[in-house]
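Engineer: Questions regarding the structure given below will be posed in turn.
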Amino acid sequence: MSKTDIHPVRLPPEETETANRALSRVRSYLERHRDVPRIGVTVEGEGAEPLTLPREAVELLATTLAHLAAGRSVSIVPQNAELTTQQAADLLNVSRPFLIGLLQAGEIEYRKVGKHRRIPASSLMDYKRQDDERRRQAADELTQLGQEMGLI
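For the sequence shown, the UniProt record's numbering assigns the number 1 to the initial residue and increments by one for each residue that follows.
Written out as structure tokens, the structure reads:
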């Protein structure tokens, strides 16, 4: 595995409507053609030739467009990528020292390359899913408690 270069992409505000229109068309196509494994795309421009994409790539495009249209930044990280501690901290939206504490506590798998830590993206995403689930459960418990006490 090698170090991954992560460049978050964010659309300028004037392009969100373009992303929304494209998203609508892509989602509509995917809905109407559920069993199509490959999708032909028309590319505009000089010498344009038809382009065939795997369905999974078009579904990923739809997900990416949805986030971009909502004004969120998007980064694509291969599952087998190894991240630096700063990249991992940025993806979790935490400080680097906090992330290092998680690594030292055994919460997230990592390996050392010389004196540097490398975190498998798959381990980071596993931790993020588990942390999100813990947060949802805690919020549900607080809501339940609030209802029982008549606060909600």
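Glycine residues also receive a C-beta, built at the ideal position from the N, C-alpha and C atoms.
Would you say Glu46 faces chain B, with C-beta separation under 9 angstroms as the test?
Structural biologist: Within the model displayed, chain B is absent; a lone protein chain is all it includes.
Engineer: Take Ile108 and list the residues in its own chain whose beta-carbon comes closer than 7 angstroms to its own, dropping the five residues that flank it on each side.
Structural biologist: Excluding residues within five positions, the ones whose Cβ falls inside 7 angstroms are Leu102, Ile119, Ser123, Leu124, Tyr127.
Engineer: Mind checking Val94: buried by the 16 CB within 10 Å criterion, or exposed?
Structural biologist: Counting Cβ neighbours within 10 Å, Val94 comes out exposed, since fewer than 16 surround it.
Engineer: Just grab the DSSP bridge partners of Thr52 for me.
Structural biologist: Gly40, per the DSSP bridge assignment.
Engineer: Going by C-alpha to C-alpha distance, which of Gln130, Ser75, Asp131 sits closest to Asp5?
Structural biologist: When only C-alpha atoms are compared, the closest one is Ser75.
Engineer: So Arg96 and Thr85 are in contact, right, with Cβ under 8 angstroms, and what is the actual spacing, rounded?
Structural biologist: Confirmed, Cβ separation roughly 5 angstroms.
Engineer: Go to Lys115, then tell me how far its beta strand (DSSP E) extends in each direction, as first and last residue.
Structural biologist: Segment: none, Lys115 is in no beta strand (DSSP E) and carries neither H nor E.
Engineer: Please return the same chain residues whose Cβ sits closer than 6 angstroms to the Cβ of Asp132, not counting the five positions on each side in sequence.
Structural biologist: The answer is none, since no qualifying residue turns up.
Engineer: In the structure shown, what three-state DSSP assignment does Leu83 receive?
Structural biologist: Three-state result, Leu83: strand.
Engineer: Return the first residue and the last residue of the alpha helix (DSSP H) that Glu17 is part of.
Structural biologist: Where Glu17 is concerned, the enclosing alpha helix (DSSP H) stretches over 16-32.
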